[in-house]
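Each residue of the sequence shown is one higher than the last, beginning at 1 in full-length UniProt numbering.
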Amino acid sequence: MTTPNLTTDLCGIKMSNPTILPSGFLGTSKSLLNRVAENGVGAATIKSVSFEAREGHKNPTVIPFEAGMLNAVGYSNPGAEETAREFSNLQEVSIPVVASIIGTEPDDFVRVVDTLSETRFSAIELPLSCPHTPGFGLLAGQGTPESTGKIVSAVRKVSRLPIFVKLSPNIPEIGSLAKAAENAGADAITAVNTLGPGMIINIEARKPILSFKVGGVSGPALRPVAMRCVYDIYESVKIPIIGTGGVSTGRHAIEMIMAGATAVGVGTGIYERGIDIFKKICREMEMWMSENNYNTIHEMIGIAHE
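The following block contains the structure:
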């Protein structure tokens, strides 16, 4: 029996398999990127970076619950210049690496792109969809077609790298928003960011557990919503989709691909199954594909629409 081919091409980026480490998980140093690479990930995204360093929200910032995780980290990061130093010599990392860039205004995004211009990132991701950080994402109104268009256009003018736009599952007409991103020059859509915000209360303390009180929902609770978003976006745009939200098994990854994803983000699943989850997912995908006579990822992309 021939082993199925899991390689995929995302905007010209050659990946050995369709799994991607999303922003916010482990992507803070080259050594951690190499660690996830050793555990089988196809590509990785660094933790989101702003031009100026940010402290983020105070602890606790993350809490697991029975159907996933709730987080409000608040975009803590060392700033663009320190990030450029950390991720210099990216040729030492064996997988493609995506830079996640944040800002409050279009010019802020451009300043970060300029500062990282000498690094060897494979693509830029713009998360215009964070539900819990004042001044950024949904709390800055960046999840509208108009704002999305302005930010993507500004970045498009200063970078030739593929641009991924990360959207919120909170947007009812997410296909229209994805189309606005495509029209402004985006090369792919990441679907989706965390859902919410949500809240968990410590009843003994009689107050919310997270210091910011509310946070974004990820993990199994998000997966059916993320799947529907990928399905809707696939019918609205021609550019590739990175399906992200609650994927922790090979079967989940294949669902995302059948909904229309070219690649699949795996984040909260690391907490559930360990850092070698990427190898586990790939083995499970190969087994299912062999049993069901699929040889390549390309054969399965979007077939749930037929």
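Where is the CB? At the ideal position from N, CA and C, for every residue including glycine.
With H, G and I counted as helix, E and B as strand and the rest as coil, what does DSSP make of residue i?
{"i": "Met199", "result": "coil"}
{"i": "Val247", "result": "coil"}
{"i": "Asn5", "result": "strand"}
{"i": "Ile13", "result": "strand"}
{"i": "Ile301", "result": "coil"}
{"i": "Ile233", "result": "helix"}
{"i": "Val225", "result": "helix"}
{"i": "Val214", "result": "coil"}
{"i": "Leu21", "result": "strand"}
{"i": "Ser31", "result": "helix"}
{"i": "Glu38", "result": "helix"}
For residue i, count neighbouring Cβ atoms within 10 angstroms of its own Cβ and tell me buried if that reaches 16, exposed if not.
{"i": "Arg85", "result": "exposed"}
{"i": "Glu125", "result": "buried"}
{"i": "Val264", "result": "buried"}
{"i": "Asp114", "result": "exposed"}
{"i": "Ser31", "result": "exposed"}
{"i": "Glu204", "result": "exposed"}
{"i": "Asp232", "result": "buried"}
{"i": "Thr45", "result": "buried"}
{"i": "residue 380", "result": "Because the chain spans 1 through 306 in this model, residue 380 falls outside it and cannot be assessed."}
{"i": "Ser29", "result": "exposed"}
{"i": "Pro96", "result": "buried"}
{"i": "Met258", "result": "buried"}
{"i": "Ile13", "result": "buried"}
{"i": "Ser23", "result": "buried"}
{"i": "Thr7", "result": "exposed"}
{"i": "Ser94", "result": "exposed"}
{"i": "Asn170", "result": "buried"}
{"i": "Phe136", "result": "buried"}
{"i": "Thr244", "result": "buried"}
{"i": "Phe65", "result": "exposed"}
{"i": "Arg223", "result": "buried"}
{"i": "Met227", "result": "buried"}
If I'm right that residue i touches residue j with Cβ under 8 angstroms, what's the distance once you round it to whole angstroms?
{"i": "Thr190", "j": "Ala140", "result": "Thr190 to Ala140, Cβ: 18 angstroms. No contact."}
{"i": "Asn5", "j": "Lys47", "result": "Going by Cβ atoms, the distance from Asn5 to Lys47 rounds to 31 angstroms, so no, they are not a contact pair."}
{"i": "Pro18", "j": "Ala253", "result": "7 angstroms"}
{"i": "Gly302", "j": "Ala72", "result": "Not quite, the Cβ-Cβ distance comes to about 34 angstroms (not below 8 angstroms), so this is no contact."}
{"i": "Ala80", "j": "Phe109", "result": "Not a contact, Cβ separation roughly 11 angstroms."}
{"i": "Leu90", "j": "Arg120", "result": "4 angstroms"}
{"i": "Phe278", "j": "Gly74", "result": "With a Cβ gap of about 27 angstroms, Phe278 and Gly74 do not count as contacting."}
{"i": "Val192", "j": "Ser211", "result": "About 24 angstroms; that fails the 8 angstroms criterion."}
{"i": "Glu291", "j": "Thr249", "result": "Not really, about 15 angstroms apart at Cβ, beyond 8 angstroms."}
{"i": "residue 318", "j": "Pro60", "result": "Limits of the chain in this structure are 1 at one end and 306 at the other, which puts residue 318 out of reach."}
{"i": "Phe25", "j": "Gly267", "result": "5 angstroms"}
Report all residues from its chain with a CB closer than 6 angstroms to the CB of residue i; omit the five preceding and five following residues, and keep chain order.
{"i": "Ala221", "result": "Ala67, Gly68"}
{"i": "Leu161", "result": "Ala123, Ile124"}
{"i": "Leu116", "result": "Ala84, Ala99"}
{"i": "Met289", "result": "Pro4"}
{"i": "Ala43", "result": "Met15, Ile20, Ile95, Pro96"}
{"i": "Leu10", "result": "Pro240, Thr262, Ala263"}
{"i": "Gly196", "result": "Pro131, Gly216, Val217"}
Using a Cβ-Cβ cut-off of 8 angstroms (strictly less than) and excluding sequence neighbours within five positions of residue i, which residues of its own chain qualify?
{"i": "Val165", "result": "Glu125, Leu126, Leu128, Thr148, Val152, Ala178, Ala181, Ala186, Ala188, Ile189, Thr190"}
{"i": "Glu82", "result": "Ala53"}
{"i": "Ser176", "result": "Pro145, Ser236"}
{"i": "Ile270", "result": "Phe25, Leu26, Ile277"}
Below 7 angstroms CB to CB, which residues in the same chain sit around residue i once its five sequence neighbours on both sides are set aside?
{"i": "Tyr294", "result": "Pro4, Met300"}
{"i": "Ser159", "result": "Val113, Ile124"}
{"i": "Ile239", "result": "Glu182, Ala186, Asp187, Ala188, Ile189"}
{"i": "Arg273", "result": "Ser248, Lys280"}
{"i": "Gly56", "result": "Val73, Gly74, Tyr75, Ser76"}
Practice task
Only counting runs of 4 or more residues, tell me where the alpha helix (DSSP H) segments fall wholly within the region 122 to 207, in order along the chain.
Solution key: Whole alpha helix (DSSP H) segments, 4+ residues: 145 to 158, 174 to 184.
Practice task
Tell me the start and end of each unbroken alpha helix (DSSP H) in the region 40 to 116 that is at least 4 residues and wholly inside, in chain order.
Solution key: Counting whole runs of 4 or more residues, the region 40 to 116 contains the alpha helix (DSSP H) stretches 80 to 86, 106 to 115.
Handout entry: Contained alpha helix (DSSP H) runs [length at least 4] in the region 236 to 297, N- to C-terminal order
Key = The region 236 to 297 contains these whole alpha helix (DSSP H) runs: 250 to 259, 269 to 273, 277 to 291.
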